[in-house]
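Structure first, then comments.
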Amino acid sequence: MKELINKLSKDFNITDAVYQRPSLTFVTVPKGVAISLVTDLRDYEGYSHFVMMSCVDWIEEGKFQLLYLLHNPETKTDIGVKTFIDRENAEMASAHHLWKQVWTYQRELKEAFGIDFPGSPRVDEDFVVEGWVEMPHMRRDFDTKEYSENTYFPRPGRETNDPATYMRKKLYPNEPITAKKQDNDK
Amino acid sequence: MTIYAKLGYTLLGLFIVLNWGFLMGATFRKIGARLAGRYGIPFYQPWLNLLKNISIRTTITHGIMYYIGPVFRLTGGVGLFLFMPMVFTGSPNGLWTNFSFEGDLILILYFQVFGMLGMALGAGQGGHPYSAMGIARGLAQHAAVELPLTLAFLSIAIQFDTFSVYKIVEAQQGGFENWILFTNPFAAATIILAMLGAMGHSPFNLVKAPNEILIGPATEFEGTYLGFMQSAGSILHVMEAVLFMNLVFGGANSWIELIVKTFLIYFWSVFVGMVFPRFKIEQSVTWFFKVPLLLGFLAIIIYSL
Amino acid sequence: MINKFLGFEPDKEKLPSLTAKIGDDIDLSSHKYQKIWLGPNHPGVTGNMSVELWVQGNTVVKAKTHVGYLHRGFEKLIERRLFVQGFPTSIRMCVAEPDTNEYLIATCTEQLSGYDKAVPEMAKWLRMLSLEMARLQGLLRGVPGQGGTFALGLGVQWGVYLRDLILDRFEELTGARVYHMYIIPGGVRGLLPDGFKERMEDNLRDIDDFIIRIRRLMFHNSVFKKRAKGLAIVTPEMVDKYGIVGTTARGCGVKRDVRKDDPYLHYEQLDFDPPTDTDGDVYARTWVRWQELIQTVDLIRQIMAKMPDKGDIKTPMPNVLHWKIPKGETYVRLESGRGEYGMYYVTDGSDKPRRVNLRGPSYTHAIALLEDLLVGADVADVHGIMVSLQTCPPEIER
Amino acid sequence: MSEKDMNDKVNEMLQRSETNVKKAEKTFIHPEDEEREVVAPDGSIIKINPIYDYFSNEKPTEEKPCSGVIEKFLNWARAESIWVLGFGTGCGSIEIPPLVTPRFDMFRFGVQMRPTPRQSNAFIISGYLSVKTLKRVIRTYEQMPSPKYILALGSCTINGGMYYDSYSTINRLDKYIPVDVYIAGCMPRPEALLAGFMKLKELIKEGKGEKANEYARNFDEYKANQKKIIKDWNMPDYNW
């Protein structure tokens, strides 16, 4: 695996590589290189099985992390190509021409995170939610609990407790809360 | 016998046929359930279903033809009954010969299609695409069934030189060796095979397949209309069985014999249906145009020579 | 031959061409085409999804899958729950084989917190047992279910009855019927109850009997062959192009099985060879699944014979209410009854996961592949094709 | 949260819902659903307004039951022949196959499955309902002939259950359509479902299965609740 990453880093600007398992590696590349690296891996390194495409919202850094996960059926190894894009006006080059199922992922990411993939087929159609007017629902700053309470009718009498404080109250009602435990609660 | 007495016996016969149809339907659903290892529906369920259907309050309409569909279907069943001699009593004006007359075989052939055509009108006005698809499939398959069936009927008509069902039954009396099953085996084989299609059980029930296209022609019908249609279906099933019994298996000399014979004839199609999946429409049409059609031609040729 | 002579094989050149592709608009006002909706309120679709079909006569010229009817926002919900609270939520992602979700989320958290080496032997065997039982109950519904799509309901009745027996064993083992929550981080929740192996063996004998009967009922049935052979052919070239996995890939001769490719738990200690077939049609896929049914029964017997009688079932873990996992990400996969089933798990050092993303085989099978396979198929076959791709809508939309 | 607070909150929501509906009507009208004139097959020109039909604003008629012994007799027939719509709306539908197979066999109680809403009079809401499905459920419910009954499965339909904080699933089903029988559990066992059917039969025989009329009476309230959450009212062609 390491040889492959070394070989690739000659041609591509690989900024970071994490060896999660012997068979699983995550590499980070700049936004512009990602699709070419994925194409190279597919065509020349035998990573022909597209496992999944995913997105993580790092709201603190103002970035979306896109992941293309590829599998090599010959060597039975996986490589995850990560790239970071801006959260504002998020846009990424489309990879729908590489595998037939990629447009589905891109359609989902467009709806769930608001990342645009120009040129991807049917990318503007509704995928799972219908008539959604709020911000894209998988973004970290969308509060699903608040939305649910405001929109749907909560049944009176239903309580929600924080498990840690609730259990302590039930199990050790007389024990004073120490400073250390308060830290843990936060 | 006065015409009023005749009418009375006919209505009584219709009542018996309707109830026997319900009971037979329930029995066969129970047989299917037992095969699967279930207890199955209670035997009186069809009557409850009819009552339930009548008690539905909502009525929807899609236009006049929508009402006429179930009525046509019921007319098809009742018409088939009216011109069919049920029990052979030795006289053409016997108690249970209904209004059979010379040439009723042709009328019966017509009444077989009648219900289906009525359904086509009703379901077509229903406006649901599944109804339209179901009825198109139903008519295509019905045409494919009718062709070998008509050839076999013609062969029997040539054999006995008559179009009267009563006379055909009369000619088969005096022991099972006189049945058409043995005197005209090709026609009998054609009818036994084509019967599977006429009964509308699997593998020839794509018309009302719930998996493929919901429930076909009946998609939009509810409440009383559905009750009507299910009653008409029960009558039709019994009458198809009686027709084949009269034509191939020597008719019946008593109601008991009729019930036993129709049960066995109906069982044949259910038995096949239990263990076979259903054909696609072009496959079933092709199926009827192969062996049954060839047998039908043979039956005609042998008796025309 | 006779079909051609009688004119049952229509001359394709005379009909309008079947060249519609994704994105092509079909002019419905030309009255050559009709649009029909299959589902969600339709017994002929798998679960709660719908397929929009443009048909020409009986032939589908274009298809679009619509999902989202079962969307619950799992991935969002898990992000705002503690690691251990994520369990009861995550197993409801796919109802057909819930145990696979338990295993995935348990292994992801273990790997990221460094406990994956500490899982006791006994727990690994028990995890394998529960996974194989889950596969068995899925196949008992799925294999005869393929016959059910062509109206062969008898096999479904027998199969679902036997599935109930396996669910009874699950109830003994875990206390629950469908959603078990048996595999937890660090191990499993309980040992085998007394006499479990004997009762399981009784059920397996019944299933052996059923396997032989279903072979005669389905695979020796002329009408089933006629319906299923040559239907919806998947070629080996399509496997990588569409991301096809599991039995669908094995049905066309491409041996993809995570249990062999990327062995997890103790699968390398078991003696098995994933079955394959070469035709790639619905019949071949069903045949592969039927062989896998035999194999799963065999695997359960092997597991019960090879597993130790006693042992630790859980490694000590930190207090789950204050459990924090350092920043990291991982992808864990397993072979479910439908194919490769994986989970991408990202943590950020807090007590809640940052992102959980499930990769279900239906995600590719039921959208990109199904839409292309349906073009040119008969309307009556749509349900059969959907079931043969083992479509499970909840894992598409989560 | 007390009942009074709840009511205040609901009122406030309803006021907001008026604007929501107006917004929805504007936002989600596809070109083919705009009000326009079309040429009918017979050549005449007719005006159509599809989106108005999709709202199903027309109040259903309240059908009075018959009186006395007749109604009791009909209720007995209705109770003994329950036709269930085969529409699995959630994960509870995995427990429907065991119900129609040898182990639990609901046919012996006169409960049967029907494939089309026109022919069925009981509807099992099998678990959580996303807003997208709720739209279909309401349409299907309105298509079913009266008297009709709803069995709601699982804690998700009672108070949101596991998905109480999900943005996609509703919390209380009885705010949108009237529910006859709730079956608790996640997920309820087939035995619980059978018990639910028995309870439904009891209710029908006692003459309490009149929720369809309740829906007609409180139609405006139900419709307002539905319009509040369903933003996109466009319906697919013909049916679904």
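Chains as they are written, first to last, in the working numbering: chain A, 69 to 254; chain B, 12 to 316; chain C, 370 to 767; chain D, 8 to 247. Beta carbons: idealized from backbone N, C-alpha and C, even for Gly.
Note down, in chain order, each residue of its chain lying with its Cβ closer than 7 Å to the Cβ of residue i, except the 5 sequence neighbours on either side.
| i | result |
| --- | --- |
| Gly-392(C) | Any reading at Gly-392(C) must be qualified, since the residue scores a pLDDT of 43, below 50, and its modelled position is unreliable; no value is offered. |
| Met-601(C) | Met is not the amino acid found at residue 601(C); the sequence shown has Ala there. Asp-650, Val-651, Leu-742, Ala-746, Ile-754, Ser-757. |
| Leu-738(C) | Tyr-611, Ile-613, Leu-758 |
| Thr-140(D) | Thr-96 |
| Lys-254(A) | The predicted model places Lys-254(A) with a pLDDT of 43, which falls under 50 and marks its position as unreliable; any figure quoted below should be read in that light. Hits under 7 Å: none found. |
Looking only at its own chain, which residues have a Cβ that is under 6 Å from the Cβ of residue i, when we skip the five neighbours before and after it?
| i | result |
| --- | --- |
| Val-623(C) | Pro-605, Val-608 |
| Lys-683(C) | Gly-555, Gly-556 |
| Phe-130(D) | Leu-92, Ile-157 |
| Val-218(B) | Gly-145, Arg-148, Gly-149, Gly-227 |
| Thr-83(A) | Thr-96 |
| Phe-99(B) | Val-180, Gly-262, Asn-264 |
| Trp-167(A) | Phe-118 |
| Leu-160(B) | Ala-205 |
| Pro-67(D) | Ala-223 |
Residue i: buried (16+ other C-beta within 10 angstroms of its C-beta) or exposed?
| i | result |
| --- | --- |
| Arg-585(C) | exposed |
| Pro-186(A) | exposed |
| Lys-390(C) | In this prediction, Lys-390(C) has a pLDDT of 46, which is less than 50 and means its spatial position is unreliable; what the coordinates show is noted afterwards. Under this definition Lys-390(C) is an exposed residue. |
| Val-271(B) | exposed |
| Val-254(D) | Since the displayed chain D opens at 8 and closes at 247, residue 254(D) lies outside it and no answer follows. |
| Ala-134(B) | buried |
| Asp-359(C) | Lying outside 370 to 767, the shown extent of chain C, residue 359(C) is not represented and no answer is given. |
| Ala-154(B) | exposed |
| Gln-233(D) | buried |
| Tyr-710(C) | buried |
| Leu-23(B) | exposed |
| Asp-112(D) | buried |
Which same chain residues, not among the five before or five after residue i, have their C-beta less than 8 Å away from its C-beta?
| i | result |
| --- | --- |
| Gly-138(B) | His-73, Glu-231 |
| Asp-194(A) | Glu-179, Trp-200 |
| Gln-119(B) | Correcting the residue identity first, residue 119(B) is Ile in this sequence and not Gln. Excluding sequence neighbours, Ile-119(B) sits near Leu-91, Phe-94, Met-95, Val-176, Leu-254. |
| Asn-252(A) | At Asn-252(A), the pLDDT of 49 sits below 50, so the modelled position is not reliable; the number obtained from the coordinates is stated separately. The answer, listed in chain order, is Ala-232. |
| Thr-297(B) | none |
Could you give the residue range of the alpha helix (DSSP H) that holds residue i?
| i | result |
| --- | --- |
| Ser-757(C) | 751-757 |
| Gln-56(B) | 56-65 |
| Val-296(B) | 292-299 |
| Leu-296(D) | Since the first residue of chain D shown is 8 and the last is 247, residue 296(D) is not available in this structure. |
| Gln-126(D) | It is not in any alpha helix (DSSP H) - Gln-126(D) carries neither H nor E in the DSSP assignment. |
| Phe-94(A) | From DSSP, Phe-94(A) is part of no alpha helix (DSSP H) but of the beta strand (DSSP E) over 92-96. |
Got a sec, what are the start and stop residues for the beta strand (DSSP E) residue i sits in?
| i | result |
| --- | --- |
| Tyr-636(C) | Careful: Tyr-636(C) lies outside any beta strand (DSSP E) and carries neither H nor E. |
| Trp-131(D) | Checking the sequence, you will find Ile at residue 131(D) rather than Trp. Here the beta strand (DSSP E) through Ile-131(D) covers 129-133. |
| Gly-711(C) | 708-716 |
| Asp-146(A) | 145-154 |
| Asn-140(A) | 131-140 |
| Asn-88(A) | According to the sequence displayed, residue 88(A) carries Gln and not Asn. That run of the beta strand (DSSP E) goes 84-89. |
| Met-120(D) | 118-121 |
| Gln-403(C) | 403-407 |
| Arg-723(C) | 722-728 |
| Val-430(C) | 428-435 |
| Met-121(A) | 117-126 |
Any C-beta of chain F sitting closer than 7 Å to the C-beta of residue i?
| i | result |
| --- | --- |
| Pro-228(B) | In the displayed structure, chain F is absent; the protein chains listed are A, B, C and D. |
- Task: Note down, in chain order, all residues in the stretch 227-243 of chain D with a beta-carbon under 9 Å from any beta-carbon belonging to chain A.
- Result: Of all residues in the stretch 227-243 of chain D, Asn-232, Lys-235, Ile-236, Ile-237, Lys-238, Asp-239, Trp-240, Asn-241 have a Cβ within less than 9 Å of some Cβ in chain A.
- Message: Tell me whether the stretch 76-93 of chain D and the stretch 163-178 of chain D touch, counting them as touching only if at least three CB pairs, one residue from each stretch, are closer than 8 Å.
- Response: By the Cβ test, the stretch 76-93 of chain D is not in contact with the stretch 163-178 of chain D, since fewer than three Cβ pairs between them sit closer than 8 Å.
- Query: Does the stretch 229-247 of chain B come within contact of the stretch 259-278 of chain B, defined as at least 3 CB pairs closer than 8 Å?
  - Reply: No: fewer than three Cβ pairs fall under 8 Å.
- Three-pair Cβ contact test at 8 Å for the stretch 669-688 of chain C versus the stretch 630-641 of chain C: With a cut-off of 8 Å, the stretch 630-641 of chain C and the stretch 669-688 of chain C count as touching, because enough Cβ pairs lie within range.
- Task: Identify each residue in the stretch 143-160 of chain A for which the Cβ-Cβ distance to at least one residue of chain C is less than 8 Å, and report them in chain order.
- Result: Correct list: Lys-144, Asp-146, Gly-148.
- Message: For the stretch 55-69 of chain B, list every residue whose C-beta sits within 7 Å of some C-beta in chain D, in sequence order.
- Response: Look at the stretch 55-69 of chain B: the residues with a C-beta under 7 Å from a C-beta of chain D are Gln-56, Leu-59, Asn-60, Leu-62, Lys-63, Ser-66, Ile-67, Arg-68, Thr-69.
- Three or more C-beta pairs closer than 8 Å, one from the stretch 120-131 of chain A and one from the stretch 77-93 of chain A: is that the case here? With a cut-off of 8 Å, the stretch 77-93 of chain A and the stretch 120-131 of chain A do not count as touching, because too few Cβ pairs lie within range.
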